[in-house]
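One structure is given here, and the rest of the page talks about it.
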Amino acid sequence: MSETKKLSIIAFSGDFDKLTAVFTLATGAAAVGYEVNLFFTFWGLDAIKVKKGRSPVGQGFLPKLFGVMMGGLKAAPVSRLNFVGISPKIFRYLMRKKNVATPEELLEAARQLGINFYACEMAMHILGLQKSDFIPEVKDVIGVASFLNISEGGQTLFI
Amino acid sequence: MKTYKLDITAEKCPMTFVKTKIALNNMQQGDVLNVRLREGEPLENVPRSASEQGFNVLKIT
Numbered sequence: 001m002s003e004t005k006k007l008s009i010i011a012f013s014g015d016f017d018k019l020t021a022v023f024t025l026a027t028g029a030a031a032v033g034y035e036v037n038l039f040f041t042f043w044g045l046d047a048i049k050v051k052k053g054r055s056p057v058g059q060g061f062l063p064k065l066f067g068v069m070m071g072g073l074k075a076a077p078v079s080r081l082n083f084v085g086i087s088p089k090i091f092r093y094l095m096r097k098k099n100v101a102t103p104e105e106l107l108e109a110a111r112q113l114g115i116n117f118y119a120c121e122m123a124m125h126i127l128g129l130q131k132s133d134f135i136p137e138v139k140d141v142i143g144v145a146s147f148l149n150i151s152e153g154g155q156t157l158f159i
Numbered sequence: 160m161k162t163y164k165l166d167i168t169a170e171k172c173p174m175t176f177v178k179t180k181i182a183l184n185n186m187q188q189g190d191v192l193n194v195r196l197r198e199g200e201p202l203e204n205v206p207r208s209a210s211e212q213g214f215n216v217l218k219i220t
């Protein structure tokens, strides 16, 4: 067998469509034998919250306000033509109808495929989030140096 | 030695590969997975990626 190929994705966006791209690439790569690392930072952190809806997650008033305004994966807006949250519902409907996996289904597949989840320490600090606010698949809270170390020798994407 | 069945004809990328890989992960050495798939991308790539990962592709019919 050849040596393991590796894909690392910096998941910056909390948008529904971009997160769909993140999880599609990640699960697809893992399924064809890649080692996959997902590094969630800034709005991307919303995707890995335990609370999937709008909930006052975080320490302090502003983080809690952000938590309610942004919400988790189920509340993710689309990057274009969001129409105050109607579009993600339409997308979910179309995806189900056309049998395309939703971000939630892809996240579950990512868990089963043993994809590595990491959260960005700096962004968590700004947004007042703790490791316990995230799903248990989040392996570690790391910074730039650790991410570079983990992703070294593979392909890296920023979404 | 067990034989499992998986129908991914209704699946779209990446779930075609993903469901196959998850099924393979849950099997023991010597088990056989019978995959039903669509022509085009799944037929071209699912057997190829399985054999790249060290699985034995027994037959394509």
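These protein sequences, in sequence, are chains A and B. Residues in the first sequence are numbered consecutively from 1, following our numbering. Residues in the second sequence are numbered consecutively from 160, following our numbering. We put the CB at the ideal spot given by N, CA and C, even for glycine.
Shown here, Phe134 of chain A sits in a strand according to DSSP, grouped into three states. Closer than 8 Å to the CB of Asn99 of chain A there is at least one CB belonging to chain B. For the 8 Å CB-CB criterion, Pro56 of chain A and Lys64 of chain A form a contact.
Look at Ala145 of chain A here: in three-state DSSP terms it is helix. Under the DSSP assignment, Gln155 of chain A falls in the beta strand (DSSP E) whose first and last residues are Gln155 to Phe158.
Here Ser210 of chain B is exposed, its C-beta having fewer than 16 other C-beta atoms within 10 Å.
A residue is called buried once 16 or more other Cβ atoms fall within 10 Å of its Cβ, and Thr27 of chain A is buried on that count. Not a single CB atom of chain B sits nearer than 8 Å to the CB of Thr20 of chain A. Per DSSP, Glu211 of chain B has no beta bridge partner at all. Cβ proximity to chain B below 7 Å picks out Ala109, Gln112 and Leu113 from the stretch 104-120 of chain A. Of the other Cβ atoms in all chains shown, fewer than 16 fall within 10 Å of the Cβ of Ala145 of chain A; this residue is therefore exposed. Taking a beta-carbon distance threshold of 8 Å, Ser210 of chain B does not count as an interface residue toward chain A. Non-local beta-carbon contacts of Leu165 of chain B in its own chain, meaning distances under 8 Å to residues more than five positions away in sequence, involve Lys178, Thr179, Ala182, Leu192, Asn193, Val194 and Arg195 in chain order.
Bridge partners of Ala123 of chain A according to DSSP: none are assigned. Note on geometry: alpha-carbon atoms of Val36 of chain A and Glu108 of chain A lie some 15 Å from one another. Glu170 of chain B sits buried, since 16 or more C-beta atoms from the chains shown fall within 10 Å of its C-beta. Nearest CB-CB separation between Ala31 of chain A and chain B: below the 8 Å threshold.
Residue A:Ala47 holds the alpha-carbon nearest to the alpha-carbon of Ala119 of chain A among A:Ala47, A:Gly153 and A:Lys18. Glu198 of chain B has a beta carbon lying at 8 Å or more from every beta carbon in chain A.
Two segments are said to touch when three or more pairs of C-beta atoms, one from each, lie closer than 8 Å; by this definition the stretch 3-10 of chain A touches the stretch 140-157 of chain A.
Within chain B, not a single residue places a beta-carbon under 9 Å from that of Thr102 of chain A; the smallest gap is close to 11 Å.
Judged by DSSP in its simplified three-state form, Lys98 of chain A adopts coil rather than helix or strand. Along the length of the stretch 35-115 of chain A, whole beta strand (DSSP E) runs at least 3 residues long occupy 35-40, reported in chain order.
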